[in-house]
Amino acid sequence: LRIDRLDRCIGLLVDHQEAIAEALRKDFGSRAPQMSKLTDVAGSIGPLKHAKANLRKWMRTERRSPTPAILGWFGAKAEIQYQPLGV
Numbered sequence: 113l114r115i116d117r118l119d120r121c122i123g124l125l126v127d128h129q130e131a132i133a134e135a136l137r138k139d140f141g142s143r144a145p146q147m148s149k150l151t152d153v154a155g156s157i158g159p160l161k162h163a164k165a166n167l168r169k170w171m172r173t174e175r176r177s178p179t180p181a182i183l184g185w186f187g188a189k190a191e192i193q194y195q196p197l198g199v
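Counting from 113, one number per residue, gives the positions in the sequence shown under the numbering used here.
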C-alpha cells in the first residue's frame with residue numbers, strides 16, 4: 113500500500129509538472145518554469161524514490177535485548193515493530 117502511494121505521488125508530480133510550475137510562477141512572480149521543474153518537482157521525486165527503495169528496511173522488525181537482561185536467560189525475547197500512525 114505504501115509503495116503504491118509513493119508511486120502514485122511520483123506519477124502525479126510528473127504528470128502535473130507543468131501545472132505545478134505555473135502555480136509556482138504565479139506565487140513567486142517571475143520564476144522560470146524550468147527552475148520550478150528542476151528544484152521543486154525533480155527535487156521532490158528524489159526523496160520519494162529513496163523512501164520507496166528503503167521502505168521495507170525501515171519497516172522491518174528489529175530484535176533487541178530484553179530488559180532486564182536476566183529475562184533473556186528465561187527465554188524472553190524483545191523486538192521493536194514499527195507501526196505507522198497518522199498521515
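Positions of the beta carbon are idealized from the N, C-alpha and C atoms, including for glycine.
For this session: Mind checking which residues open and close the beta strand (DSSP E) that includes residue 190?
Result: As a working mapping, residue 190 is identified with position 78 in the sequence shown. For residue 190, the enclosing beta strand (DSSP E) starts and ends at 190-192.
Exercise. Where residue 185 and residue 173 are concerned, what is the direct C-alpha to C-alpha distance, given to the nearest angstrom?
Worked result: To locate residue 185, count along the sequence shown from 1; it is residue 73. To locate residue 173, count along the sequence shown from 1; it is residue 61. Approximately 22 Å, taken between the alpha carbons.
For this session: For my contact list, residue 132 and residue 119 are in at a C-beta cut-off of 8 Å; report their separation, rounded to the angstrom.
Result: Here residue 132 refers to the residue found at position 20 of the sequence shown. Here residue 119 refers to the residue found at position 7 of the sequence shown. Contact doesn't hold; Cβ gap of about 18 Å is too wide.
For this session: In angstroms with no decimal places, state the Cα-to-Cα distance between residue 170 and residue 176.
Result: Residue mapping note: residue 170 aligns to position 58 of the sequence shown, counting from 1. Residue mapping note: residue 176 aligns to position 64 of the sequence shown, counting from 1. If I take the Cα positions, the gap works out to 15 Å.
Exercise. Okay, do the segment 177-196 and the segment 146-161 touch, 3+ Cβ pairs below 8 Å being the bar?
Worked result: no
Exercise. What separation, rounded to the nearest whole angstrom, lies between the Cα atoms of residue 129 and residue 179?
Worked result: Reading the sequence shown from its first residue, position 17 is the one you call residue 129. Reading the sequence shown from its first residue, position 67 is the one you call residue 179. Rounded to the nearest angstrom, the two C-alpha atoms are 51 Å apart.
For this session: May I ask which residues mark the beginning and end of the beta strand (DSSP E) holding residue 175?
Result: Position 63 of the sequence shown, counted from the start, is the residue given in the question as residue 175. That run of the beta strand (DSSP E) goes 174-176.
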